[in-house]
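Since the structure comes first, as structure tokens, the remarks are kept for the end.
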Amino acid sequence: MNLVTLGSWVAIIAFSAISLFQIALIAGAPWGEYAFGGAHKGKLPVSFRVGSAFTLALYIGIVGHYLAQAGVLTKFLDAGLNGIANWALVALNVFSLLANSLTQSQKEKTVWAPVAFVILLASLLVAIG
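Count along the sequence shown starting at 1, add 7, and that's the number in our numbering.
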């Protein structure tokens, strides 16, 4: 297995797991302290659950992109755009790591900062490869 494939599968697994978390939030799981800065204990308000739905849609698209990088799905982007998409995901993951590291919620920081770091490393493997 090459590094692009390894990075892709790490990202696929991580984003799939986070997608399950988003589905739970949308369904009303009482995990508000682990999302959106941890400002809401218990179940998220409807507006934040809608935000989780948008986040879920984004993550599904990201999983699809990494499935294409791993060779499971057909790549729809030419090589140039594919490279841009890979580096855009690196930038998104840098932002995610910063946001999860700087959050006021200790619970969110403890759980999601390490996950964001692993995803950033995985996305770098794909982009560099």
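All C-beta atoms, glycine included, are put in the ideal place defined by N, C-alpha and C.
Residues in its own chain within less than 7 Å of Val118 by CB, not counting five upstream and five downstream?
-> Here the set comprises Tyr41.
Buried versus exposed call for Leu127 [16 or more other C-beta atoms within 10 Å across all chains shown] | buried
Rounded distance between the beta-carbons of Ile33 and Ser54, thought under 8 Å = That pair is no contact at about 12 Å.
Short check: CB of Leu132 to CB of Leu13, under 9 Å?
-> yes
Cβ pair Gly90, Leu80 closer than 9 Å = no
Check whether the Cβ atoms of Ile20 and Tyr66 lie closer than 9 Å to each other.
-> no
Compare the C-alpha of Thr62 against each of Ala77, Phe28, Pro121, Asn9 and name the closest.
-> Phe28
Under 9 Å, do Gly136 and Val11 count as touching if we go by C-beta distance?
-> Contact flag set, yes.
In three-state DSSP terms, what is Asn93?
-> It is helical.
Given a cut-off of 9 Å, decide if Leu74 and Ser15 are closer than it, judged by their beta-carbon atoms.
-> yes
Distance, Ala123 Cα to Leu109 Cα = Rounded to the nearest angstrom, the two C-alpha atoms are 12 Å apart.
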